[in-house]
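J.: In this note's numbering, the protein residues as written are 15 to 423.
C-beta: ideal position from N, C-alpha, C; glycine also.
Since we're looking at a predicted model, the values are computed, not measured.
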Amino acid sequence: MPMYHARAISNSLDAASKQFPVVLLTGPRQVGKTTLLQRLAGKERRYVTLDDPLARELARNDPAMFLQRYEPPVLIDEIQYAPQLLPLIKMAVDGKRKRGLFWLTGSQQFHLMKGVSETLAGRVAIMSLLGFSSRERRRRDLDVPPFLPTPEVLDKREAFAPKLTLKRVFADIWMGGFPALVTKQVQDRDLFYSSYLQTYLQRDVKDLAQVGDETRFVRFLKACAARTGQLLNITDLARDADVAVNTAKSWLSVVDASFQEYLLQPYHSNITKRLIKTPKLYFLDTGLCAYLTGWSSPETLEAGAMGGAMFETYVVAEVLKSWWNRGKQPPIYYYRDKDGKEIDLLFVQDRAIHPVEIKKSAAPRRDWAGQFSVLDRLKPRWAAGGFVCLARERMPLTENISVIPVGLL
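#1: Beta-carbon separation of Ile187 and Gly301 under 9 Å?
#2: To the nearest angstrom, report how far apart Phe325 and Tyr349 are at their CA atoms.
#3: Report back the beta-carbon spacing between Ala397 and Ile367 to the nearest angstrom; my notes put them in contact at under 8 Å.
#4: Determine, using beta carbons only, whether Leu266 and Tyr296 come nearer to each other than 9 Å.
#5: Does the beta-carbon of Gly109 have 16 or more other beta-carbons within 10 angstroms, so that it is buried, or is it exposed?
#6: For the region 156–240, list the alpha helix (DSSP H) runs that are entirely contained and at least 4 residues long, ordered along the chain.
#7: Tell me the rounded alpha-carbon separation between Ala377 and Ala383.
#8: In angstroms, rounded to a whole number, what distance separates the CA positions of Val402 and Asp157?
#9: Quick check on DSSP: helix, strand or coil for Leu411?
#10: Pick out whichever of Thr49, Ala55, Gln44 has its Cα sitting closest to the Cα of Ser31.
#11: Excluding sequence positions up to five away, which residues of its chain have a Cβ less than 6 Å from the Cβ of Glu316?
#12: Taking C-beta to C-beta, are Thr63 and Ile90 nearer than 9 Å?
#13: Determine the direct distance from the alpha carbon of Ala106 to that of Asp218, and round the result to whole angstroms.
#14: Considering Asp7, what are the terminal residues of the alpha helix (DSSP H) in which it resides?
#15: Please identify the residue among Gly321, Val196, Tyr18 whose C-alpha is closest to the C-alpha of Arg241.
#16: Going by the beta-carbon positions, is the gap between Arg340 and Ser147 smaller than 9 Å?
#17: Taking DSSP as the reference, what is the three-state secondary structure of Phe386?
#18: Determine the burial state of Pro312: buried for a count of at least 16 other Cβ atoms within 10 Å of its Cβ, exposed for fewer.
#19: Please determine whether the Cβ atom of Asn247 lies at a distance below 8 Å from any heavy atom of the ligand FMN.
#20: Quick one: is Thr229 buried, meaning 16 or more other Cβ sit within 10 Å of its Cβ, or exposed?
#21: In the DSSP assignment, find the alpha helix (DSSP H) that holds Phe80 and state where it starts and stops.
#22: Below 8 Å CB to CB, which residues in the same chain sit around Leu289 once its five sequence neighbours on both sides are set aside?
#23: Which residue marks the beginning of the beta strand (DSSP E) containing Tyr18, and which one marks its end?
#24: So what does DSSP say about Ala377, is it helix, strand or coil?
#25: Checking 9 Å against the spacing of the C-beta atoms, do Gly243 and Gly145 come in under that value?
#26: Which of the three DSSP states, helix, strand or coil, is assigned to Arg53?
#27: Can you grab the Cα-Cα spacing for the pair Thr213 / Phe231, in whole Å?
#28: So, does the region 251–270 touch the region 199–208, judging by three or more C-beta pairs under 8 Å?
#29: Alpha carbon to alpha carbon, how far is Glu166 from Leu422?
#30: Considering only residues of the same chain and omitting the five flanking positions on each side of Tyr328, which have a CB-CB separation below 6 Å?
#31: Which of the three DSSP states is assigned to Leu100 in this structure?
#32: Tell me whether the beta-carbon of Val420 lies closer than 9 Å to the beta-carbon of Glu332.
#33: If you drop the 5 nearest sequence neighbours on each side, which residues of the same chain put their C-beta closer than 7 Å to that of Thr249?
#34: Use the C-beta contact count for Phe34: other C-beta atoms within 10 angstroms, 16 or more gives buried, fewer gives exposed.
Written out as structure tokens, the structure reads:
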């Protein structure tokens, strides 16, 4: 058996279970949700998965009997298959008035989130888990604050940060963060993603949408992957996938609901109306993205046309993990105006804007700092920011702008 990798979200899950009667852990398939919760669970907590057809049938047809058979404390896997359980879970927690009664997992957030928010409002802590972060992969210190380009946060994240080279970063990007690949439980990376895609199509896609032609959906998924790090243009996406625009919109909601991509929203300001209002699309696992776009090795990916976009996607995913693993929503946006001037990430927190640019470069230049001048017209004023890049050492560019090695993420 492969050695267990500690997950950064563990402490946040434990804290949530001590405050709420229900904890829901969401995320894509095969990122380790069940393994993590089973490891955290005590011996008294029962486990049942709704992937089991018999358990699923009982939960759907006789949810009261299901909860008598599987009394809390209980871990229920893939809760989206039996939303009929949610009203009875509400009744159970209201009757017992104890914390940590129900631990739930879900690989979809479409109808599931609607049911949870309506039925279990105020009773459930909802958290998200993705594949391994860079720190989890290397078993580095996980007890660090979410990424923010401020000196205080960077000091804490720098203490045990790995020194990452271009070669090492793109090996990680190409392989992706799924635990089975990182731990070498599965040796054949292409076989893993081929199998993952089939499971995804057969379970999540068919469950969330009536997709008659799986080949066309895969073509659509590949078109999404090819646009990672780009502004979302649904018309172009539909054209390249050879589907109607309404179909593309529907299928994009499926991709989003099954945690395969993230739509980064643009920053809005009443100060200027010249800002673009279209979201940017990012794939959440770079390995799956590289597989879908046909890159055969880390070297060809790094040297190819998507090298910069994939590095940017990797950085955004690492930022998301750093916040979600702390049970927090990242306060991130991007900036782009109608003149085409863009800042990759804006962290908006405590009445300050912290800008971050992402550069696939190991040689920082002082003139980079001038890019942030486009933010001078905004309110609140922008504060400490930086450039995440492949430099080996953290260093100042100006008084409030730093060079941030990608290993600090």
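T.: This is what the structure holds:
#1: Yes.
#2: Phe325 and Tyr349 have their C-alpha atoms spaced approximately 18 Å apart.
#3: About 7 Å separates the beta carbon of Ala397 from that of Ile367, a gap short enough to meet the 8 Å contact definition.
#4: The answer is no: Cβ separation not under 9 Å.
#5: Exposed, because fewer than 16 other Cβ atoms sit within 10 Å of the Cβ of Gly109.
#6: Counting only runs of at least 4 residues, the region 156–240 fully encloses the following alpha helix (DSSP H) elements, listed from N- to C-terminal order: 165–172, 180–189, 193–196, 203–214, 228–240.
#7: Ala377 and Ala383: Cα-Cα distance of roughly 14 Å.
#8: Roughly 21 Å between the two C-alpha positions.
#9: Under the three-state reduction of DSSP, Leu411 is assigned to coil, being neither helix nor strand.
#10: For Ser31, the closest of Thr49, Ala55, Gln44 by C-alpha to C-alpha distance is Ala55.
#11: The answer, listed in chain order, is Phe184.
#12: Yes; because the gap between Cβ atoms is below 9 Å, this pair is in contact.
#13: Approximately 29 Å between the Cα atoms of the pair.
#14: Examination of residue 7 is not possible in this model, given that the chain is present from 15 through 423 alone.
#15: If we check each option's Cα against that of Arg241, Gly321 comes out closest.
#16: Using a Cβ distance threshold of 9 Å, Arg340 and Ser147 do not count as a contacting pair.
#17: Three-state result, Phe386: helix.
#18: Counting other Cβ atoms within 10 Å of its Cβ, Pro312 reaches 16 or more and is therefore classed as buried.
#19: The ligand content of the structure shown is nil, which means the ligand FMN is not present either.
#20: The residue is exposed, with fewer than 16 neighbouring Cβ atoms inside 10 Å.
#21: Residues 77–83.
#22: Here Leu289 has Pro280, Tyr281, His282, Ser283, Tyr349, Arg350, Asp351, Lys352 as same chain residues with Cβ atoms under 8 Å from its own Cβ, once five neighbours each way along the sequence are excluded.
#23: Where Tyr18 is concerned, there is no enclosing beta strand (DSSP E), given that its DSSP letter is neither H nor E.
#24: Residue state, collapsed to three classes: coil.
#25: Taking 9 Å as the Cβ cut-off, Gly243 and Gly145 do not qualify as a contacting pair.
#26: Three-state DSSP puts Arg53 in a helix.
#27: Whole-angstrom Cα-Cα distance: 14 Å.
#28: Contact check between the region 251–270 and the region 199–208: fewer than three CB pairs, one atom from each, fall below 8 Å, which does not count as touching.
#29: About 13 Å.
#30: Within the same chain, Tyr328 has close Cβ partners Ile187, Thr300.
#31: Looking at Leu100 - three-state DSSP - the assignment turns out to be helix.
#32: A distance below 9 Å separates the beta carbons of Val420 and Glu332.
#33: So the list reads Val259, once near-sequence residues are dropped.
#34: With 16 or more Cβ atoms within 10 Å of its Cβ, Phe34 is classed as buried.
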